[in-house]
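Reading through the structure tokens given below for one structure.
Numbering (the numbering used here), first residue to last: 13 to 176.
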């Protein structure tokens, strides 16, 4: 068995949980402070920030978030939505050019049950990928989990689109 080393994650898993306060959002804290380097903020726009993920899944892992603490895409203004989408295009091009990324996983996790570590402040992940790297589930267990048939999913979505 080969070992997967990620020593930068140790501070994350050994950090004791802090007190629950109203301002525990690290993105909001970063937005409020002027020390972008300390907060790993790569860029600020009038509506958004680009942050290096402190506990990355892969080299080059970025977080893109609105400046305002908003929980869902429906909460975003049109200007915020457009700004975030432009940043996704901009940073994938930058990482592709500078880091020679061959692909990307781009997405967001809405709610704790979906894997959101910060469920109250919407943020997209940009995770660069290279030929030969792998998602952990197939590598460790040779398993993928599908909890609904494609037919059932199709029917559900079709009903929502046409009658929702």
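All C-beta atoms, glycine included, are put in the ideal place defined by N, C-alpha and C. Keep in mind it's a predicted model, so treat the numbers as computed, not measured.
query: Boundaries (first-last residue) of the alpha helix (DSSP H) holding residue 141; result: Note, residue 141: premise wrong, no alpha helix (DSSP H); beta strand (DSSP E) at 136 to 141.
query: Residue 78 - DSSP class collapsed to helix/strand/coil; result: strand
query: Endpoints, alpha helix (DSSP H) assigned at residue 41; result: 38 to 44
query: Alpha-carbon to alpha-carbon, residue 82 and residue 88; result: 7 Å
query: Own chain partners of residue 73 with C-beta closer than 8 Å, once the 5 adjacent residues on each side are dropped; result: 64, 65, 137, 138, 139 and 140
query: One or two residues paired with residue 119 in a DSSP bridge; result: 137
query: Endpoints, the alpha helix (DSSP H) within which residue 94 is located; result: 90 to 111
query: Residue nearest to residue 120 in terms of C-alpha spacing, selected from 67, 129, 46 and 114; result: 129
query: N-terminal and C-terminal residue of the beta strand (DSSP E) that residue 114 is part of; result: Note, residue 114: premise wrong, no beta strand (DSSP E); not H, not E.
query: Under the three-state DSSP convention, the category residue 56 falls into; result: strand
query: Nearest-angstrom Cα separation, counted from residue 134 out to residue 42; result: 14 Å
query: Touch test, the segment 45 to 52 against the segment 107 to 121, Cβ-Cβ under 8 Å, three pairs minimum; result: no
query: Residue closest to residue 100, alpha-carbon to alpha-carbon, out of 90, 112, 117 and 86; result: 117
query: C-alpha gap between residue 103 and residue 56, whole angstroms; result: 13 Å
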